[in-house]
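Trainee: So that we are looking at the same thing, I have put the structure below in structure tokens.
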Amino acid sequence: MNRLYILIVSIVFFSCNSKIDKPKNGSSEKKIQKKVKTILRNDSEKNSSIIYDTLVFTEFMKGNSLDKKINESKDKLHFYKKFIKSSEINQLQIIDEKHTKTEIKYLGELKDIDNENSYKVITNFKIIGIGEMLSPRGRSEIAFIDSKNNIMVYDMGMPENLPNYIENNTLFFEIEKTKIGILISGGLAPILCLPKIGCNE
């Protein structure tokens, strides 16, 4: 009877130990996996590069092209001004209509490093043709509204070419894991030329 009792106690003891050990092993495996993921993430962050550029406005940029750009952009001032709210910086605002979807984001204010002017920056990605027979097509724009309510709007083509945020008075884009930081000096040209993106009107 005593032998049977000892045998039962032994079985219970070892089975409990095996159950307790499993979570420990699982826990250590999870810690290792988490550590590996952290290392991979850190490596990918180290591999990403950053490019800074300053858009400098000169007297040579004045003329018919600039006047035309200003006049074309004026019609969009009323639309874009509606989205300038300090409480909604970096918040995506979506407008759903019957055959279109518009995604607007106000990125905040960017100060000119050469004068007292500043620009409210708004991005706009619009999908046209939703639910129609034709395949939908998109349009991406950046709008800059200065302190005197002058507006410049640039067609950026693909949504990947739109800026993501403003930090330390720098407008940041990200193209293929490369961050691009843009500053403005002296004003805006009729064509917006950016590293790795190219020139857009």
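My numbering puts the last residue of the sequence shown at 635; the count rises by one with no breaks.
Ideal Cβ placement from N, Cα and C applies to all residues, glycine included.
Since Gly542 and Ile600 should fall inside the 8 Å C-beta cutoff, what is the C-beta to C-beta distance between them, to a whole number of angstroms?
Mentor: That pair is a contact at about 5 Å.
Trainee: So, Asp589 versus Glu575, is the Cβ gap smaller than 8 Å?
Mentor: It is a contact, given that the beta carbons lie within the stated cut-off.
Trainee: I need the DSSP call for Asp501, collapsed to helix, strand or coil.
Mentor: Helix at Asp501.
Trainee: Going by beta carbon distance, what residues of the same chain come within less than 7 Å of Lys469, once the five residues before and after it are set aside?
Mentor: In this predicted model, Lys469 has a pLDDT of only 41, less than 50, meaning its place in the structure is not dependable enough to derive any value.
Trainee: If you draw a straight line from the alpha carbon of Pro570 to that of Lys535, how long is it in whole angstroms?
Mentor: So the two alpha carbons sit approximately 10 Å from each other.
Trainee: In the DSSP assignment, find the alpha helix (DSSP H) that holds Leu622 and state where it starts and stops.
Mentor: Premise fails: Leu622 is in no alpha helix (DSSP H) and is neither H nor E.
Trainee: State the CB to CB distance for the pair Lys539 and Thr557, rounded to an integer number of angstroms; the pair is presumed to be in contact (CB under 8 Å).
Mentor: Confirmed, about 5 Å.
Trainee: Using a 10 Å radius around the Cβ and a threshold of 16 neighbouring Cβ atoms, would you call Asn498 buried or exposed?
Mentor: Exposed is the call here.
Trainee: What does the alpha-carbon distance come out to for the pair Phe494 and Asp580?
Mentor: Going from the Cα of Phe494 to the Cα of Asp580 covers about 21 Å.
Trainee: Is Met592 helix, strand or coil by DSSP?
Mentor: If DSSP states are grouped into helix, strand and coil, Met592 belongs with coil.
Trainee: Should Tyr418 be labelled buried (16 or more other beta-carbon atoms within 10 Å of its own) or exposed?
Mentor: Because the chain here runs from 435 to 635, residue 418 falls outside it and cannot be looked at.
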